[in-house]
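S.K.: Pasting a structure below so you can have a look.
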Amino acid sequence: MKKWIGILALIVLWQVTAVLTHNYIFPTFLQVMQSFAVNSNSIIIHGFYSSIRLIAGVILAVMIGMPVGILIGYHKTLSEYISPVIYLLAPIPKIALLPMIMLLFGIGNLSKIFIIFIIMFFQVIVAAHDAVKNIPGEYFIPLRTIRSGHKAIILHIILPAVLPEMFTSVRIGLATGISVLFFAETFGTRWGLGFYIMDMWMRLDYKQMYAGILALGILGLISVSAVNRLQRCICPWMPKQETK
């Protein structure tokens with residue numbers, strides 16, 4: 001219940017501010033919710049397309065980025081050669097690559113999924129690499145003493161250290177990913193919350209525009225909640241307060 005107090009306070013602030021300003025370009029929360037309900041079918045369809053693109057990009061980034069990050073972090077020689085390249089590319093704003101990505105992959109779904117992938121990939125690979133590098137050396141001694149192979153070391157030492165950091169990186173990356181997805185969906189598509197918001201803006205339908213923005217926020221909230229729930233299932237050893 002406590003986690004909803006902040007959201008409720010934001011809704012009250014929105015409603016009061018809109019009533020006091022009485023500006024047609026800033027409708028009240030109740031007006032937006034009424035428009036949301038009237039056009040819920042259309043918003044759900046647009047949200048579905050955005051969700052699929054977001055989920056596909058995140059899954060690809062985790063499936064590829066985590067093994068690569070573990071490999072680089074575990075092998076000192078690889079880390080010395082590849083880490084500088086990773087840390088050079090990671091800070092580059094990925095939105096700047098969108099024109100090139102659209103030239104390479106077209107303006108359809110593939111380019112939109114790829115831009116999410118490239119954003120999340122660097123978040124995941126850096127988190128996995130740093131998590132492996134930060135494991136104290138003495139943790140490896142027991143398994144190496146009994147001549148355990150790399151598989152046992154990865155399963156019993158590296159993965160438990162990497163997984164929590166990986167989930168944290170995904171949570172951080174989701175905010176950026178959804179923001180970039182909004183921008184990418186304004187090009188070459190008629191489906192997605194980004195297109196819907198800009199289309200309503202061009203039509204001067206501000207109630208529907210805010211309904212689309214609200215839907216985008218709900219998508220982010222659901223995504224983070226899903227990541228938290230998945231972390232609780234995969235990382236049961238983590239304290240509950242860290243995964244809420």
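Here the sequence shown is numbered in full-length UniProt numbering, starting from 1 and rising by one per residue.
In this text, a Cβ means the ideal position worked out from N, Cα and C, and glycines have one as well.
For I178 and I125, I'd like the C-alpha separation in whole angstroms.
M.R.: Roughly 19 angstroms separates the two Cα atoms.
S.K.: Between which residues of its own chain and M100 is the CB-CB distance below 8 angstroms, once the five residues before and five after are set aside?
M.R.: Excluding positions up to five away in sequence, the list is empty.
S.K.: Just how far apart, CA to CA, sit A131 and H156?
M.R.: Near 14 angstroms, if we compare the C-alpha coordinates of H156 and A131.
S.K.: Work out the CA separation of M209 and T21 for me, nearest whole Å.
M.R.: Spanning the two alpha carbons is a distance of roughly 18 angstroms.
S.K.: Measure the alpha-carbon distance for N109 versus G137 and round it to whole angstroms.
M.R.: Going from the Cα of N109 to the Cα of G137 covers about 44 angstroms.
S.K.: Would you check if there are 3 or more beta carbon pairs closer than 8 angstroms linking the segment 23 to 36 to the segment 68 to 88?
M.R.: The segment 23 to 36, when compared against the segment 68 to 88, does not touch it at the 8 angstroms Cβ threshold.
S.K.: May I ask you to report which of helix, strand or coil DSSP gives A90?
M.R.: Coil at A90, not helix or strand.
S.K.: Which parts of the segment 155 to 197 are runs of the beta strand (DSSP E), unbroken and 3 residues or longer, counting only runs that do not cross its ends?
M.R.: Those beta strand (DSSP E) runs which fall completely within the segment 155 to 197 and span 3+ residues do not exist here.
S.K.: Taking one C-beta from the segment 157 to 171 and one from the segment 62 to 82 each time, how about it: are there three or more such pairs within less than 8 angstroms?
M.R.: Segments in contact, yes.
S.K.: Just to confirm, is the Cβ distance from F121 to G65 under 7 angstroms?
M.R.: Their beta carbons are under 7 angstroms apart, which means F121 touches G65 by this criterion.
S.K.: Looking only at its chain, what residues have a beta carbon closer than 8 angstroms to the beta carbon of V224, apart from the 5 residues adjacent to it on each side?
M.R.: Correct list, in chain order: R171 and L174.
S.K.: Could you tell me whether the Cβ atoms of K151 and Q31 are closer together than 7 angstroms?
M.R.: No.
S.K.: Since A215 and I43 are thought to touch, with beta carbons under 8 angstroms apart, how far apart are those beta carbons, to the nearest angstrom?
M.R.: Indeed they touch by this definition, with Cβ atoms about 5 angstroms apart.
S.K.: Quick one: using the 10 Å Cβ neighbour count with 16 as the cut-off for buried, is L181 buried or exposed?
M.R.: That one is buried.
S.K.: Along the alpha helix (DSSP H) that carries G69, what are the first and last residues, could you check?
M.R.: Segment S40 to Y74, the alpha helix (DSSP H) holding G69.
S.K.: With the cut-off set at 7 angstroms, would you say I113 and K94 are in Cβ contact?
M.R.: Going by C-beta atoms, I113 is not nearer than 7 angstroms to K94.
S.K.: What would DSSP say about R229, mapped onto helix, strand or coil?
M.R.: Helix.
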